[in-house]
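Residue 24 is where the sequence shown starts when you use our numbering, and the numbers rise one by one after that.
Each remark here refers to the structure printed beneath this line.
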Amino acid sequence: MSLLTELDSIQEEAVAALNGVATEADLEQFRLAYLGKKGKVTAASAGMRDVPKEDKPLVGQKLNEVRTAISSAIDERQSALTAERDAQAVKGIDVTLPGRRPLTGSLHPLTQVLDQAVNTLRRMGFALAEGPEIETEWHCFDALNTPPDHPARNETDTFYFENGKLLRTHTSTVQIRTMETQAPPVRIIAPGSAFRRDEIDATHLTVFNQLEGLYVDENVTLADLKGTLEYFLRCVFGDDTEVRFRPHFFPFTEPSFEVDMKLHATGKDAKWIEIAGCGMVDPNVFKAVSQTRGDAAYDPEKVTGFAFGMGLDRLAMLMYGLPDLRLLIENDTRFLKQFA
Ligand code: PHE
Numbered sequence: 024m025s026l027l028t029e030l031d032s033i034q035e036e037a038v039a040a041l042n043g044v045a046t047e048a049d050l051e052q053f054r055l056a057y058l059g060k061k062g063k064v065t066a067a068s069a070g071m072r073d074v075p076k077e078d079k080p081l082v083g084q085k086l087n088e089v090r091t092a093i094s095s096a097i098d099e100r101q102s103a104l105t106a107e108r109d110a111q112a113v114k115g116i117d118v119t120l121p122g123r124r125p126l127t128g129s130l131h132p133l134t135q136v137l138d139q140a141v142n143t144l145r146r147m148g149f150a151l152a153e154g155p156e157i158e159t160e161w162h163c164f165d166a167l168n169t170p171p172d173h174p175a176r177n178e179t180d181t182f183y184f185e186n187g188k189l190l191r192t193h194t195s196t197v198q199i200r201t202m203e204t205q206a207p208p209v210r211i212i213a214p215g216s217a218f219r220r221d222e223i224d225a226t227h228l229t230v231f232n233q234l235e236g237l238y239v240d241e242n243v244t245l246a247d248l249k250g251t252l253e254y255f256l257r258c259v260f261g262d263d264t265e266v267r268f269r270p271h272f273f274p275f276t277e278p279s280f281e282v283d284m285k286l287h288a289t290g291k292d293a294k295w296i297e298i299a300g301c302g303m304v305d306p307n308v309f310k311a312v313s314q315t316r317g318d319a320a321y322d323p324e325k326v327t328g329f330a331f332g333m334g335l336d337r338l339a340m341l342m343y344g345l346p347d348l349r350l351l352i353e354n355d356t357r358f359l360k361q362f363a
């Protein structure tokens, strides 16, 4: 049999046998059996040696054709087997079902309100300041002109430690810490947690968040205070924000006010809620920090200032029309994901 006929029959045999190859492993065996080093095509090509010189081009060409034909037949079979395997893998899977969305996180609504408040106040020239949550009575009360018999200092209102320290009941502590270490002018804001032994309800939490502000310089007036807070609230809540200042009492400011805003909560009648306390820094506070500092930088005859402390949780209530503060601490993702 001439080499040409032998090659023809190898090709025929291979193509016919290929349909019976059922697995990818068998297909690899098959490839080796024909095209491998010891395969039939390779073996046949050894016969080239004995082909007369003038026939070599023709036989050589044939050899290539056969090799290519078998090789592409194997490739075709390979694709068919792969397709079969894929089809098997997704059998019974309804590819028209909508996919499951991966859960993505987002900022907590309180963080969003905090960011917005801080950004607005920083644009107005306030710098960030901070202080510890575990405080001394001096920073929380004495220096803030709060006498020992003041009800806020009572065990029933405040969390005390055995060593006499306490969980700060307000962020006004940062006013003292700032003035003790920085000379005027100071214009700071201090966001942070505050702690009170309050009964938890729709508008009270035992751990809540405040944003303290303090501005001390020469000639700071009540008009500056009102203008600052009103401008801030309009920036954050819009130009039609309803704000009112009610005369109030705080030991560390004189005069003092509470600031209310109209809350339009989902499913409830609109009502005023208190969002901040504020006032002009009491001269006794300046005297207290002067005592620590041992200088006259905060001489009450020279400087004046205003301070405010806003309830951040309440700002979030207003921003999102929340009927209940507790929503902010329950970590219910059905609630939280509305603010994503
Ligand atoms: N510290 C006060 C409170 O927690 C708020 C306040 C801050 C009032 C600054 C006046 C000035 O209620």
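We treat Cβ as the ideally placed atom computed from N, Cα and C, and that holds for glycine.
Quick caveat, the model's predicted, so the values are computed rather than measured.
Under DSSP, the beta-bridge partners assigned to Tyr238 are Arg210, Phe329. One Cα belongs to Leu26, the other to Thr46, and the distance between them is close to 31 Å. Short note on Ala330: C-beta closer than 7 Å to some heavy atom of the ligand PHE. Put simply, the backbone Cα of Leu234 is about 7 Å away from that of Thr194. A contact is defined here as three or more CB-CB pairs under 8 Å, and the region 195–209 meets this definition with respect to the region 138–158.
Secondary structure note for Ser102: its alpha helix (DSSP H) is the uninterrupted segment 79–112. Below 8 Å, enough C-beta pairs join the region 26–37 and the region 67–76 to call them touching: three or more.
In the DSSP assignment, Arg145 falls within the alpha helix (DSSP H) that extends over 132–146. The Cβ atoms of Met147 and Phe272 lie no closer than 8 Å to each other. Under a 10 Å Cβ-count criterion, Phe331 is classified as buried, with 16 or more other Cβ atoms of the shown protein chains found around its own Cβ. Excluding the 5 residues flanking it on each side, Val243 has same chain C-beta neighbours closer than 7 Å at Thr327, Gly328, Phe329, in chain order. The C-beta of Ala140 has 16 or more other C-beta atoms within 10 Å across all chains shown, which makes the residue buried. Taken through DSSP and simplified to helix, strand or coil, Pro170 comes out as coil. Within a 10 Å sphere around the beta-carbon of Phe164 sit 16 or more other beta-carbons, which makes this residue buried.
Fewer than three pairs of CB atoms, one per stretch, sit closer than 8 Å, so the region 115–132 makes no contact with the region 180–189. Listed in chain order, the non-local C-beta contacts of Pro323 below 7 Å within the same chain comprise Pro306, Phe309, Lys310, local neighbours out to five positions each way being set aside. Per DSSP, Asn354 has no beta bridge partner at all. In the DSSP annotation of this structure, the continuous segment of the beta strand (DSSP E) that includes Thr276 starts and ends at 276–286.
Around Ala293, the same chain offers Lys285, His287 as residues with beta carbons nearer than 6 Å, after the five sequence neighbours per side are excluded. Around the beta carbon of Ile93, a 10 Å sphere encloses 16 or more other beta carbons of the protein chains shown; the residue is thus reported as buried. If you look at Arg269, you'll find it in the beta strand (DSSP E) that goes 266–273. Taking non-hydrogen atoms of the ligand PHE into account, the C-beta of His193 is found less than 7 Å away from one of them. Distance from the CA atom of Lys188 to the CA atom of His162, rounded to whole angstroms, is 10 Å. In chain order, Phe260, Met284, Leu286, Ile296, Ile298 place their CB closer than 8 Å to the CB of Leu341, counting only its own chain and leaving out the 5 sequence neighbours on each side.
Glu241 has its alpha-carbon roughly 6 Å from the corresponding atom of Lys325.
By the Cβ neighbour-count rule, Thr204 is exposed, with fewer than 16 other Cβ atoms within 10 Å of its own.
The count of Cβ pairs closer than 8 Å, one atom from the region 345–358 and one from the region 208–227, reaches three, so the stretches are in contact.
At least one heavy atom of the ligand PHE falls within 7 Å of the beta-carbon of Ser279.
Just so you know, the alpha carbons of Tyr321 and Tyr238 end up roughly 12 Å apart. When the five nearest sequence neighbours on each side are left out, the beta carbons in the same chain lying within less than 7 Å of the beta carbon of Arg90 are those of Leu58, Val64, in order along the chain. Sequence-distant partners of Leu133 (beyond 5 residues in either direction) whose C-beta falls short of 6 Å from its own C-beta, in its chain, are Ala339, Leu351. Here the distance from the Cβ of Glu160 to the nearest heavy atom of the ligand PHE is not below 7 Å. By the beta-carbon neighbour count (other beta carbons within 10 angstroms, threshold 16), Arg337 is buried.
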